[in-house]
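Notes follow once the structure below has been shown.
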Amino acid sequence: MTGQQPLPLPLPLVPGPLAQAPVVPAPVELAPTMDSWSDLVETVTGCVACAELAAGRTHVVPGVYPDGADVLLIGEAPGAQEDASGVPFVGKAGQVLDALLGAAGLARDRVAVANVLKCRPPGNRKPKRSEMATCTPWLDRQLELIDPVLVITLGGTAAEWALGSGTKISAARGAPHQFRGRSLLVTYHPSAAIRFGPNGAPMRALRDDLASAAELVDRLRARR
Ligand code: URA
């Protein structure tokens, strides 16, 4: 026989040396398509958009959203204990936060918690701007899905995420801001409160701010 034999169809799907790893869409494409919190949690858990963070993490920490929660607390990024457990604010800062929320009368079952970054930065270093930009679509979508009456940012990274780089907590705290059609309060991170001790200014400010938040939430709920 002359000429080429026709190839058998279908072609066998055996990956050759040039086979490419499947392309995972970036958070900016994926996050807006998430229809529910559970879809988002499942999808963000497979995110590898920040290679260094994905390589170093034990767990992605998507956040928690109790049914019916209408307050969203935003922290910076998971620490060692959060990375080990997959749950936000379970370490020392989380214990202080829990105690202060309880004292303020903010019932934990109406409070959702998420971080600007979903993966722990190595050695608990500060999130890089590029990581914040890459991870932001997840938090943007979480905000839309939760639709809280009040957002509370904890610490400088979360304040800058919401109000722009250069935001200073000392200047921004004390009065609600309007943020994407809802109210937002800025306060210190519980780690800062721990660092300056139980009688330090950040602990007092955080306690006062959470008490004000509880009052504001009552008013906002009544209006909704
Ligand atoms: N600090 C944060 O900002 N978030 C956590 O989840 C834990 C510690």
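With the working numbering, letter number 63 in the sequence shown gets 47, and the count goes up by one each step, no holes. Note that the Cβ used here is the ideal one computed from N, Cα and C, for glycine as well. Keep in mind that this is a model prediction, so the values were computed, not measured.
The segment 115 to 122 makes contact with the segment 30 to 40; the number of CB pairs closer than 8 Å reaches 3 or more. Exposed is the label assigned to Ala10, since fewer than 16 other Cβ atoms lie within 10 Å of its Cβ. Annotated three-state conformation of Ser154 is helix, per DSSP. For the beta strand (DSSP E) assignment, the uninterrupted runs of no fewer than 3 residues enclosed by the segment 128 to 194 are, from N- to C-terminal side, 134 to 138, 161 to 163 and 166 to 171. Taking 7 Å as the cut-off, one finds at least one heavy atom of the ligand URA near enough to the beta carbon of Ala77. For Gly52, the shortest separation between its Cβ and any heavy atom of the ligand URA does not lie below 7 Å.
Across the structure, Val44 and Glu199 are spaced so that their CA atoms are roughly 33 Å apart. Between Ile136 and Thr171, the C-beta gap is smaller than 8 Å, which places the two residues in contact.
Within 7 Å of the C-beta of Ser22 there is not a single heavy atom belonging to the ligand URA. Pairing Arg203 with Val8, the inter-Cα distance amounts to about 43 Å.
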